[in-house]
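Enquirer: I have a structure I would like to understand better, so I am pasting it below and will then ask my questions one at a time.
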Amino acid sequence: MEVLTQWNRILQWSARYAPGTHAQLADGASRADIEAAERDLGFEVNPELRTWWSVCDGTREGRFAELFPPFYTPCGPAESVRSWLVSKTIWQDAWELPDTGRLAGSWAHGYHPRFVPIAFDGLGNHLVIDLRPGPRRGAVLEWDHELCHVEEPRWPSLAGLFSDVAQALETGSVIDHSRAWVDPDGQIDWQIGNWTETGSPGR
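Position one of the sequence shown corresponds to residue 1 (full-length UniProt numbering), numbered consecutively onward.
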């Protein structure tokens, strides 16, 4: 499956060049844990997300490992559900009739029940998989907790996210003004700047 091919590129690079980040990544969640998360959510996740969770259960003890730009740490099914339930509590008055577009990838003000967190920044923002119906189902969105909305999909799929991250790690290319560096502890650090072609901050 393409999502595993792209994920393995990230694993191979991080194992060699960013061992601090690599060591924080947890092994896959069990089938029972994934199914328990789906029961809590009240629906099945898409096959791509299920496949990724089967090889990555977020990070060990929920530690930060900013694998995705600009500062997002992967989360497994249990952490995803915890974050989802927090959003459900916050948005309980509009949970059954959310102020969002009906189709995946459309504008949304407020949290839709079919947004499934896949990464967190520790400040309330998340990357989420959009599991609303439609041809863009499975897209990756960025939930901004201060603006209380999502905009256009950041990536069309998990595989798309992983492919862009792997490419950036392998080549030093930029994703939305973020370039990956590795700190002295072997941790990936996405630095934001107006980067030039040579990798130096632009002026």
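Backbone N, C-alpha and C fix where the C-beta goes; we use that ideal spot for every residue, glycine too. Here the structure is a predicted model, which means the values were calculated and not measured.
Give the single residue among Gln167, Pro117, Val174, Val182 whose Cα lies nearest to the Cα of Val150.
Expert: Pro117
Enquirer: Under DSSP, the alpha helix (DSSP H) around Gln6 begins and ends at which residues?
Expert: DSSP places Gln6 in the uninterrupted alpha helix (DSSP H) bounded by 2 to 17.
Enquirer: Are the segment 35 to 49 and the segment 94 to 104 touching, with three or more C-beta to C-beta distances below 8 Å?
Expert: no
Enquirer: Ordered along the chain, which non-local residues of its own chain (more than five positions away) have a Cβ less than 7 Å from that of Thr59?
Expert: Excluding sequence neighbours, Thr59 sits near Gln24, Leu25, Ala26, Ala65, Thr73, Pro74.
Enquirer: Examine the Cβ distances between the segment 6 to 23 and the segment 169 to 185 and report whether three or more of them are shorter than 8 Å.
Expert: yes
Enquirer: Out of curiosity, what's the CA-to-CA distance linking Ser54 and Ala29?
Expert: 5 Å
Enquirer: If we require 4 or more residues per run, which alpha helix (DSSP H) segments fall completely within the segment 56 to 138?
Expert: 77 to 90
Enquirer: With the cut-off set at 9 Å, would you say Leu127 and Leu141 are in Cβ contact?
Expert: yes
Enquirer: When you compare only the Cα positions, how much space is there between Ile192 and Asp183?
Expert: 15 Å
Enquirer: Could you please give the first and the last residue of the uninterrupted alpha helix (DSSP H) stretch that includes Gln167?
Expert: Segment 158 to 171, the alpha helix (DSSP H) holding Gln167.
Enquirer: When DSSP labels each residue in this structure, what does Arg179 get in the three-state scheme?
Expert: strand
Enquirer: Could you round the C-beta distance between Pro156 and Ala139 to whole angstroms and report it? I think they count as a contact, below 8 Å.
Expert: Distance from Pro156 to Ala139 at the Cβ level is roughly 5 Å; contact confirmed, criterion being Cβ atoms closer than 8 Å.
Enquirer: When burial is assigned at 16 or more other CB atoms within 10 Å of the CB, is Asp130 buried or exposed?
Expert: buried
Enquirer: CA-CA distance, Pro153 and Leu161?
Expert: 11 Å
Enquirer: Can you pull the DSSP bridge partners for Leu141?
Expert: Val128
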